[in-house]
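A.B. asks: Please read through the structure below; I'll follow up with questions.
There are 2 protein chains.
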Amino acid sequence: MGVQFLCVTSTASPKRADARKNIAAILDAATACLAVDPDASINDIAAAAGVGRVTLYGHFANRAALVAEVVDRAMQVSDAELDAVDLDGDAREALGRLLEASWQVTHRYGGLVMAAQAALPEGDLRAAHDKPAQRVLRLLRRGRREGTVRTDMPLDWQVTTIQGVVHAASGAVHRGELPAERAPGLVRATVLAALTPPGQPVP
Amino acid sequence: MGVQFLCVTSTASPKRADARKNIAAILDAATACLAVDPDASINDIAAAAGVGRVTLYGHFANRAALVAEVVDRAMQVSDAELDAVDLDGDAREALGRLLEASWQVTHRYGGLVMAAQAALPEGDLRAAHDKPAQRVLRLLRRGRREGTVRTDMPLDWQVTTIQGVVHAASGAVHRGELPAERAPGLVRATVLAALTPPGQPVP
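One line per chain: the protein sequences are R and W, in this order.
Numbering that gives the first Met the number 0 numbers the first residue of the first sequence as 0 and each following residue consecutively.
Numbering that gives the first Met the number 0 numbers the first residue of the second sequence as 0 and each following residue consecutively.
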């Protein structure tokens, strides 16, 4: 791939443009299909993208590779959105805002969260959570200094709890057990209660 | 299968006894392998059971069918243990005992929880949680009446939160992020805080 720019010619361009168009169509279709049905097959995705299976497999070696790329792209978009959340002021309030925004981006991708859990190796899933985890960690540290976040639990455990509650909400909405509009408030209230220091009143 | 008892003869018995022995060996090996490595393959499991792939596939159509049977058996054993937990007295205290016991049975099966999440359809996973969920629901209802469990959230959401926190702990221990001996206390403290009514101090 590193030498590709050396062979740019007027005849090669349309072919590469087609490939780019196909890749973009496959990724868009996969994102949409997996959001609705985490078990969507390669056939479903190829059909939705308007390409053949051979074309799809020409760009992605297998379903897991395609899911990995879709998750990677979704994480980049999500990350840019979460970067825009105002994290100044009271750490607990800021965490509440971040949780509601995190819920919105997680929910938008719906079944993709479950597709990723089923198709990707544990290590890739962890990596996908590294950057959001850093953002949460900074707020948890500030909340601990301000005395609004309990300090009798490991920080990592608190991050794990938060991810667990957000994913649990995503699953419950996807299964129709919880109306989507109730989720952000429940995630926020549940997490802030779980972080409240012993002896202090739950907000 | 329904007519099998009609052809019981002295010559048929040893064959069926062998089949039963093989099935038991495969299930034991699968439970042990998946607990250590949720991605354990059919080959790994057959080797650990001391049977060939053909024998294994003679009893289980595919890996998902084997995982489903292993999970089913694990749930039955767990269920018997959880039935033995004393759920009398203060609902919140009883919930704490139930959570610690639930953690112990979940943790014993280790990677099996992750193997199940990866291999089983969503519906089967839900069914596996139905009976434990009923036990938790009874305690939550009692806690609500006693005023120690918040009533401003749906009961189902509180069950979902509890399952999410127990599974998150199981994953964190499996990945080596959390020492197993710290998990029951953290699960208990996190869940009881999450259930505390607004305005009341966290226990």
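A virtual CB, placed ideally from N, CA and C, is assigned to each residue, including glycine.
Being a predicted model, the structure only gives us computed values, none of them experimental.
Could you pull out every residue in the same chain whose Cβ sits closer than 8 Å to the Cβ of residue 96 of chain W, ignoring the five residues on either side in sequence?
C.D. replies: 84, 85, 86
A.B. asks: For residue 183 of chain W, which three-state DSSP category applies?
C.D. replies: In this structure, residue 183 of chain W counts as helix in the three-state DSSP scheme.
A.B. asks: The alpha helix (DSSP H) spanning residue 42 of chain R covers which residue range?
C.D. replies: Looking at the DSSP string, the run of the alpha helix (DSSP H) that includes residue 42 of chain R is 41–48.
A.B. asks: Per the DSSP calculation, residue 153 of chain W is bridged to which residue(s)?
C.D. replies: BP columns for residue 153 of chain W are empty, so no partner.
A.B. asks: Alpha carbons only, please: which of R/41, R/77, R/28, R/131 is nearest the one belonging to residue 56 of chain R?
C.D. replies: R/41
A.B. asks: For the stretch 164–181 of chain R, list every residue whose C-beta sits within 8 Å of some C-beta in chain W, in sequence order.
C.D. replies: 164, 166, 167, 168, 170, 171, 174, 176, 177, 181
A.B. asks: Report the rounded CA-to-CA distance for residue 125 of chain W versus residue 202 of chain R, giving the unit in angstroms.
C.D. replies: 31 Å
A.B. asks: Closer than 8 Å, CB to CB, is residue 85 of chain R near chain W or not?
C.D. replies: no
A.B. asks: So, at 7 Å on beta carbons, what are the nonlocal neighbours of residue 112 of chain R in its own chain, with the 5 sequence-adjacent residues on each side left out?
C.D. replies: 105, 166, 169
A.B. asks: With burial defined as no fewer than 16 other Cβ atoms inside 10 Å of the residue's Cβ, what is the status of residue 37 of chain W: buried or exposed?
C.D. replies: buried
A.B. asks: State yes or no: is the beta carbon of residue 156 of chain W nearer than 8 Å to at least one beta carbon in chain R?
C.D. replies: yes
A.B. asks: Can you say whether residue 149 of chain R is buried or exposed, counting buried as having 16 or more other CB atoms within 10 angstroms of its CB?
C.D. replies: buried
A.B. asks: If you draw a straight line from the alpha carbon of residue 64 of chain R to that of residue 49 of chain R, how long is it in whole angstroms?
C.D. replies: 19 Å
A.B. asks: Of all Cβ atoms in chain W, is any one closer than 8 Å to the Cβ of residue 152 of chain R?
C.D. replies: yes
A.B. asks: Runs of 4 residues minimum, wholly inside the stretch 88–141 of chain W: which ones carry the alpha helix (DSSP H) assignment?
C.D. replies: Entirely contained in the stretch 88–141 of chain W, the alpha helix (DSSP H) runs reaching 4 residues are, in chain order, 90–107, 111–118, 121–127.
A.B. asks: Give the residues from the stretch 34–66 of chain R that approach chain W closer than 9 Å (Cβ to any Cβ), ordered along the chain.
C.D. replies: 37, 38
A.B. asks: Which same chain residues end up closer than 8 Å to residue 27 of chain W when comparing Cβ atoms and leaving out the 5 residues on each side of it in sequence?
C.D. replies: Cβ neighbours of residue 27 of chain W within its own chain (closer than 8 Å, five residues either side excluded): 48.
A.B. asks: Quick one: what's got a C-beta closer than 8 Å to residue 192 of chain R's C-beta in the same chain, skipping five residues either side?
C.D. replies: Excluding residues within five positions, the ones whose Cβ falls inside 8 Å are 201, 202.
A.B. asks: Mind checking residue 178 of chain W: buried by the 16 CB within 10 Å criterion, or exposed?
C.D. replies: exposed
A.B. asks: For residue 156 of chain R versus residue 171 of chain W, is the C-beta spacing smaller than 8 Å?
C.D. replies: yes
A.B. asks: Residue 121 of chain W and residue 174 of chain R: beta carbons closer than 8 Å?
C.D. replies: yes
A.B. asks: In angstroms with no decimal places, state the Cα-to-Cα distance between residue 22 of chain R and residue 58 of chain R.
C.D. replies: 7 Å
A.B. asks: Using CA atoms only, rank isn't needed, just tell me which of W/34, W/25, W/51, W/71 is closest to residue 129 of chain W.
C.D. replies: W/71
A.B. asks: Is there a C-beta anywhere in chain R that falls below 8 Å from the one on residue 115 of chain W?
C.D. replies: no
A.B. asks: Can you pull the DSSP bridge partners for residue 200 of chain W?
C.D. replies: R/200
A.B. asks: Where does residue 188 of chain W fall in DSSP's three states?
C.D. replies: helix
A.B. asks: 8 Å is my cut-off, CB to CB: does residue 136 of chain R come that close to chain W?
C.D. replies: no
A.B. asks: Residue range of the alpha helix (DSSP H) that residue 72 of chain R falls in?
C.D. replies: 62–82
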